[in-house]
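To keep things clear, I will list the structure first and then write my remarks on it.
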Amino acid sequence: MKKFRRITLALVLAIAFPAWGQFSEYAVKAAYLFNFAKFVQWPNGTFNSAASPIIIGVLGDDPFGGDLDRTVEGKSVDGHPIRIKRFGAFDVTRVSQLQKCQILFISYSEKDNITEILGAMRGTDVLTVSEIEKFPILGGMILFDQEGQRITLAINPQAAKNSRLTISSKLLQVATIYKSE
Amino acid sequence: MSWFSFSDMRLRRKIMVITVISTLVALVMVCLTFFLYEMMTYPEIRLKSLATWAQIMGDNSTAALTFNDHKTAQEMLATLKANPSILSACLYDNKGQQFASYQRDRAARRRYPAVAEQAGAESSGGSLKIFQDIFSGGERVGYLFLETDTEEMRTRLTHYALITVLIGLISFFISLFVASRLQRYVTEPLHRVVDRMWDIARGEWDITKRLEVSGRDEIGDVAEAFNAFMGKLQTVKDMKSDLISVVSHQLKTPVAEINGFIENMLDGITGEVNSRQRGYLDQMLVIGRGNYKLISDLLSISKIDRGVVSADIHPVSAKEVVALTIRDYEQIMKEKSLILRLEGTEEGIMLYADRDKVVEALRNLLNNAIKCTDSGSVTIRVGSEGDQGVIEVLDTGIGMDEETLGSLFTRNRVLGQEAHRSGAGLGLYISKYFMNIQKGDLTVTSEVGKGSCFKLVVPKYMKQAGTAA
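Protein chains in written order, with my numbering: chain W, 1 to 181; chain R, 182 to 650.
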């Protein structure tokens, strides 16, 4: 039965594959990054007004090229427009700037500073996303993982909870769940 | 009783048939209403139910669609197993390409549209298909297709039919039971009334009897109307008795006087009577006495009817009674060459009775005996049985058959055909009545061609007691 399901899944994947195969990896990741806004709830008081923007910060080298800007262009979630902010490499003096983001993508280039960055973001209501290995175990929230050609998600719900963020169970359903070490 | 002739049915069954039919008609109407309502509303309910499922499924699959997770989508669609009426389901991504699918029966290989279609519902051949857009955060992320089969509808209708038949059967038996119980409240009082009516009708028309009025319903009305009818009848009967009484009373004295004058003429008081005149006078006397007897009988009957007959009871010797009885008949018997035998008259039996009434009864018996006997003898035998005195009148006449004996002492016989022989025929009825009111009786035994024996019984006089018991 289980085997049969796997075969079915493989079939479905094979059919579906060309559908996203035509997009580059980072185009998909950019879309995911934007979509996280739909499945995450920030604590009350995060936004000054109903029209306040959701800021997506990119820390370190930007791997998206123009994909992220194209993805979010003209879009909004629950009335909040999306804004992109690029920070370059981690700088302790600019931590307060980072803390103003709602979603922070930590680029692979910040691999060596990851402990420091997560330490700085701890307790703030910023959703941290990265592609650095073991990200959720280190205390990050969402990791872009890879399963074959497919981009998967790994989530540490406890880390999100500590930052007073509520991640929809629907999102958790499609992700692998991790705990901090 | 035919099943098809409702008017010939007994009331009991009519009530039951009416009750059961009206119950069933009401039930069928109710069931039909529910059935029609179900037929009308079910497709809508079904569509709503399916739309709800689509809504839930679509909502749950937003993350799977957004983050391209086929496995989760597949697992989610598999939860549709909970609703066995859903035949197949298919999830499409926002490009309209198949994303995940579900089939209730894997072997059936239901086809779902290769690509997503316009949102909407379509019903064909009992199966219902629905296409629904899936939105997430104001953005369309995919489509959902669901299809149900006709099974559920068929099952529902079958259940409805079964329930209807079952309830129909149950209520049929309940209403039959209830009707068989309730019909008694109508039929039983009616039966009582009818039985009593028959009692009254058979019981020699005792019009003083009345029905008991059991209630204020129509049956009570029937009883009351019947009682009123009986009352009216009694009034008419009383009027008839009064008329007879007055007329016969008015006639009795003149007829007696005429008879007396004829007797005087025969005795020669009015001068010499030649043989031809004597012949006519004899005839007149016979007719006159006949008339007198008839008038006396009618008077007695009217007295009996009005209940004003009473017995004047004294000690009287049987010998005296017999002597008084035969006084007027010796001449006639001599003319008919009949022998009159007297037996036991010298034994000194004393009766405790109304002398005149016993004499009248005996005279009736003797009169009948003489009329019915053309040759031979008539015997009057006096005896006793215990404390009862017995006077028997035996003849050697034509006798009577069983049928005649049966109605001999009833007054209805008067209207019968044999009146020509026994006169008015009221005599025996009156005689028996006279005997009965003085604790006596009158019975008869007879054999056709050999003669009859009338037996008259009255209490004997007991010297020690002073009065009869």
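Yeah, the Cβ is synthetic: ideal placement off N, Cα and C, and Gly gets one too.
Source: prediction; values computed, not measured.
Cutoff 8 angstroms: L171 of chain W Cβ touching any chain R Cβ: Taking a beta-carbon distance threshold of 8 angstroms, L171 of chain W counts as an interface residue toward chain R.
In angstroms with no decimal places, state the Cα-to-Cα distance between L217 of chain R and E328 of chain R. Between the alpha carbons of L217 of chain R and E328 of chain R lies a gap of roughly 25 angstroms.
Contact check, K636 of chain R vs I530 of chain R under 8 angstroms by CB: the rounded distance? With 8 angstroms as the limit, K636 of chain R and I530 of chain R do not qualify as a contact, their Cβ atoms being about 15 angstroms apart.
Contact the region 571-580 of chain R vs the region 544-552 of chain R: 3+ CB pairs below 8 angstroms: At 8 angstroms Cβ cutoff, the stretches touch.
CB of L246 of chain R within 8 angstroms of CB of Y283 of chain R, strictly: Going by beta carbons, L246 of chain R and Y283 of chain R fall outside the 8 angstroms limit.
Hey, V367 of chain R and I196 of chain R: beta-carbon distance below 8 angstroms or not? Less than 8 angstroms divides the Cβ of V367 of chain R from the Cβ of I196 of chain R.
Starting from K631 of chain R, trace the alpha helix (DSSP H) both ways and give me its first and last residue. Premise fails: K631 of chain R is in no alpha helix (DSSP H) and is neither H nor E.
Interface partners of D250 of chain R on chain W, CB under 9 angstroms: Around D250 of chain R, the beta-carbon contacts reaching into chain W at under 9 angstroms are R150, T152, L153, Q173, V174, A175.
Distance, Cα to Cα, G452 of chain R vs H430 of chain R? Straight-line Cα distance between these residues: approximately 32 angstroms.
Helix, strand or coil for V126 of chain W? Go by DSSP, reduced to three states. In this structure, V126 of chain W counts as coil in the three-state DSSP scheme.
CB-CB length for M378 of chain R against F354 of chain R, believed under 8 angstroms: For M378 of chain R against F354 of chain R, the beta-carbon gap comes to about 36 angstroms, at or over 8 angstroms, which does not count as contact.
Using C-beta distances below 7 angstroms, list every residue in its chain close to R193 of chain R, excluding the 5 sequence neighbours before and after it, in chain order. Leaving aside the five residues that flank R193 of chain R on each side, the residues in its chain whose CB is nearer than 7 angstroms to its CB run, in chain order, Q364, T368.
Taking 8 angstroms as the threshold, find out whether the region 149-163 of chain W comes into contact with the region 107-115 of chain W through three or more Cβ pairs. At 8 angstroms Cβ cutoff, the stretches do not touch.
Just reading off the beta strand (DSSP E) that G301 of chain R is part of, what are its end residues? From DSSP, the beta strand (DSSP E) with G301 of chain R extends over 301-305.
Assign S49 of chain W to buried or exposed, taking buried as 16 or more other Cβ atoms, counted over all protein chains shown, within 10 Å of its Cβ. So S49 of chain W counts as exposed.
If you reduce the DSSP assignment to three classes, tell me which class Y366 of chain R lands in. Correct three-state label for Y366 of chain R: helix.
Beta-carbon contacts of C212 of chain R that lie in its chain and below 6 angstroms, excluding the five residues immediately before and after: These residues qualify, in order along the chain: T345.
Using only alpha-carbon positions, find the residue among W:P136, W:K85, W:Q149, W:R122 that is nearest to R164 of chain W. Ranking the options by Cα distance to R164 of chain W, first place goes to W:R122.
Starting from F144 of chain W, follow its DSSP beta bridges and name the residues at the other end. Beta-bridge partners of F144 of chain W (DSSP): W:L153.
Can you list, in chain order, the residues of its chain with a C-beta nearer than 7 angstroms to that of Y341 of chain R? Leave out the 5 residues immediately preceding and following it. The answer, listed in chain order, is F216, E219.
List, in chain order, every chain W residue whose beta-carbon is nearer than 7 angstroms to that of S317 of chain R. Within 7 angstroms Cβ-Cβ: K38.
So does the region 57-71 of chain W actually touch the region 26-39 of chain W, counting three or more Cβ pairs closer than 8 angstroms? The answer is yes - the region 26-39 of chain W touches the region 57-71 of chain W, with three or more Cβ pairs under 8 angstroms.
Residue(s) in a DSSP beta bridge with K636 of chain R: Its beta-bridge partners are R:E573, R:T624.
Bridge partners for K85 of chain W per DSSP, in chain order? For K85 of chain W, which the question treats as bridged, DSSP gives the partners W:G57.
Pop quiz: G525 of chain R and R562 of chain R are said to be a contact at Cβ under 8 angstroms. What is the actual Cβ separation, rounded to whole angstroms? The beta-carbon separation of G525 of chain R and R562 of chain R, rounded to 6 angstroms, stays under the 8 angstroms limit for a contact.
Using only CA atoms, which one of R:D493, R:T434, R:A492, R:S498 lies nearest to G469 of chain R? Checking every option, the nearest Cα to that of G469 of chain R belongs to R:T434.
Proximity below 8 angstroms, CB of A281 of chain R to CB of S168 of chain W: Against a cut-off of 8 angstroms, the Cβ pair of S168 of chain W and A281 of chain R comes out as no contact.
Counterpart residues of Q278 of chain R in DSSP-defined beta bridges: Beta-bridge analysis with DSSP links Q278 of chain R to R:V296.
On the DSSP bridge list, what partners appear for V40 of chain W? Residue pairing by DSSP puts V40 of chain W in a beta bridge opposite W:I167.
Where R260 of chain R meets chain W, residues with beta-carbon distance less than 7 angstroms: The identity of residue 260 of chain R in the sequence shown is Thr, whereas the question assumes Arg. Residues of chain W with a Cβ closer than 7 angstroms to the Cβ of T260 of chain R do not exist, since the nearest Cβ in that chain sits about 12 angstroms away.
Which one or two residues does DSSP pair with M334 of chain R in a beta bridge? Answer is none; M334 of chain R lacks a bridge partner.
Spatial neighbours of E528 of chain R in its chain, beta-carbon cut-off 6 angstroms, leaving aside the 5 residues before and after: Result list for E528 of chain R: empty, nothing under 6 angstroms.
Nearest to Q255 of chain R by alpha carbon, out of R:M238, R:S491, R:E511, R:V497? Per the Cα distances, R:M238.
Flag this pair as yes or no: are the beta carbons of L54 of chain W and H80 of chain W separated by less than 8 angstroms? Here residue 54 of chain W turns out to be Ile, not Leu, going by the sequence shown. It is a contact, given that the beta carbons lie within the stated cut-off.
Looking at the C-beta of D78 of chain W, does it have a partner C-beta in chain R at a distance below 8 angstroms? Yes - at least one Cβ of chain R is within 8 angstroms of the one on D78 of chain W.
Report the neighbours of A288 of chain R on chain W: residues whose CB is nearer than 9 angstroms to its CB, in chain order. Taking a Cβ-Cβ threshold of 9 angstroms, none of the residues of chain W is close to A288 of chain R; the smallest such distance is about 13 angstroms.
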